Amino acid sequence: MEFITLSNGVKAPALGIGTFMLSPEDAEKAVYAAIKYGYTSIDTANGYINEIGVGNAIRRAINEGIVKREDIFVSTKLWPTLYEDETAVDKTLDRLGLDYVDLLFIHQPSGNFVAGYKQLEKAYQDGKAKSLGISNFHDEKLEKLLAETEIRPHVIQLEAHPYCPEKEIMSRLSEYGTKLMGWYPLGHGDPGLVKEEIFTKLADKYRKSNAQIVLRWHVQMGFITIPGSKNPDHIRDNVNIFDFELTEDEMAEIAKLDGTKKYYHADAAQEEKYAEMHLPFEG
Ligand SMILES: NC(=O)c1ccc[n+]([C@@H]2O[C@H](COP(=O)([O-])OP(=O)(O)OC[C@H]3O[C@@H](n4cnc5c(N)ncnc54)[C@H](OP(=O)(O)O)[C@@H]3O)[C@@H](O)[C@H]2O)c1
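The sequence shown maps to residues 419 to 701 in this note's numbering.
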C-alpha cells in the first residue's frame, strides 16, 4: 500500500474501498473481504444507509486480530439534513460503533453547509475526526465555505477519473494542500472508460486488468482512490496495483482522455433538494 500525507500530517492509504449503493449486508461482506485482502481504507456516508454494516465488518476484523483500529482509515460523510443537528456526529459514530473516524466530510454543498462544516471542526477539536473533508463543492459555495470556516479541508471528494481529472478545482485548492479523493474512479462501472484502447494496451504490457491500469493511474496522479465493488474477485484485484508503475509517456498518453466526459451533473436546484431529502434513520 502507498500512502498520501494530508496537510495535517495524517497518512491516508492511497486506495480504499467505496461502499456507495451497497446494502448494509453487502457493505458488511465487501468491507470484511476487503480488509482480508489487505485494504486499510473504507469510505461510507450517512446517505449510503450502510454505516452499521460497514462498522460491523471493521469491528469484526479488529476483534479477529486481522487489523488494528489504528491501521484502518475510515471516512464517512454528514448528510445535508443533519448539518444543523448537533447530535449528528455522535450518532454517526454510534452507527459505525467507533470512537472516531479518520476523515469526516460534509457530503453536499446544500442547505446550511457552513453549520455542517462547523460541526466537523468541533469533531476535529474533540478528537472524533482525525481529518476533515468537503464533497462536491465548487465555485461560489466553495469560496463561501472557505471564507466562513477556520480549518482548511484536508481532502475534497469529487468525481474523478481519466476523463475528468479535476485540474481546475485542485489548482484552486493547492495553496491549502487539500488532497483529492476521487469518486467514480472506474466511471461507476462504465465499460466505455475501462475498455479504452490505451488501457487494453497497457493491461497487456503489465499483465494486469484494464481496471487495475485505471486505478494505478489514479495513484500516480496523487489521488486517493476508492473503487466500489461487491465482487470478491474485483475487490482482490483492485488492491493489487502496487507492484508496477506506468511510465511518464504512458501517463501522458492517458492524459489525452482529459475532457471526454463527466457522468454526474448537479445544478443548484438539485443541490438544494438534497437538503430536503431526509434519511430513514432520522427521528
Ligand atoms: N461524495 C460523493 O458524492 C460520492 C458519489 C459517488 C461515489 N462516492 C464514493 O466513491 C466510491 C466509488 O464510486 P462508485 O462505487 O460509485 O463507482 P466506481 O468505483 O467507479 O465503479 C464501481 C463499479 O465498478 C465495478 N467494478 C469495480 N471493480 C471492478 C473491476 N476490477 N473490474 C470491473 N468492474 C469493476 C463495480 O461492479 P462490481 O460490484 O461487480 O465489482 C461497480 O459496478 C463509492 O463507492 C463511494 O464510496 C462518493
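For glycine and all other residues, C-beta sits at the position ideal for the given N, C-alpha and C. The structure presented is a predicted model; accordingly, all values stated were derived computationally and were not measured.
| Check | Outcome |
| --- | --- |
| Starting from A451 and walking both ways along the beta strand (DSSP E), at which residues does that stretch end? | Careful: A451 lies outside any beta strand (DSSP E), inside the alpha helix (DSSP H) at P442 to K454. |
| Which ranges does the alpha helix (DSSP H) cover as unbroken runs of at least 4 residues, wholly within the segment 615 to 644, from first to last along the chain? | 615 to 624 and 628 to 638 |
| Less than 6 Å between C-beta atoms, sequence neighbours within five positions excluded: which residues of the same chain meet that for L576? | E584 |
| Let me check one thing: in DSSP terms, what residues is T461 bridge-paired to? | The question names Thr, but residue 461 in the sequence shown is Asp. Bridge partners of D461: G436 and S493. |
| At which residues does the beta strand (DSSP E) containing T423 begin and terminate? | F421 to T423 |
| Put P519 into one of helix, strand or coil per three-state DSSP. | Residue 519 is actually Val in this sequence, not Pro. DSSP places V519 in strand when its eight states are reduced to three. |
| Quick check: the Cα distance between K546 and G473, rounded to an integer number of angstroms? | 15 Å |
| Report the three-state DSSP secondary structure of L538 (helix, strand or coil). | helix |
| Using three-state DSSP, classify I650 as helix, strand or coil. | Correcting the residue identity first, residue 650 is Pro in this sequence and not Ile. Looking at P650 - three-state DSSP - the assignment turns out to be helix. |
| On a CA-only basis, which of K562, N554, E443 and S549 is nearest A533? Give me that one, please. | K562 |
| According to DSSP, is I484 part of a helix, a strand, or is it coil? | coil |
| Among residues of its own chain, excluding the 5 on either side of Y682, which ones have a beta-carbon nearer than 6 Å to its beta-carbon? | E577 |
| I'd like to check one pair, N656 with L620: are the Cβ atoms closer than 8 Å? | no |
| Could you check the C-alpha separation between L684 and I552 for me, to the nearest Å? | In the sequence under discussion, the amino acid at residue 684 is Ala, which differs from the Leu named in the question. Roughly 16 Å between the two C-alpha positions. |
| Taking 7 Å as the line, does the beta carbon of S627 fall inside it for any heavy atom of ligand 1? | yes |
| Verify the contact flag: W601, CB atom, against every heavy atom of ligand 1, threshold strictly below 7 Å. | yes |
| Is any non-hydrogen atom of ligand 1 found closer than 7 Å to the C-beta of I467, if you look at the structure I gave you? | no |
| Apart from the five residues on each side of it in sequence, which residues of its chain come closer than 7 Å, Cβ to Cβ, to A541? | V507, L522 and A547 |
| Consult DSSP for I476 and reduce its assignment to one of helix, strand or coil. | helix |
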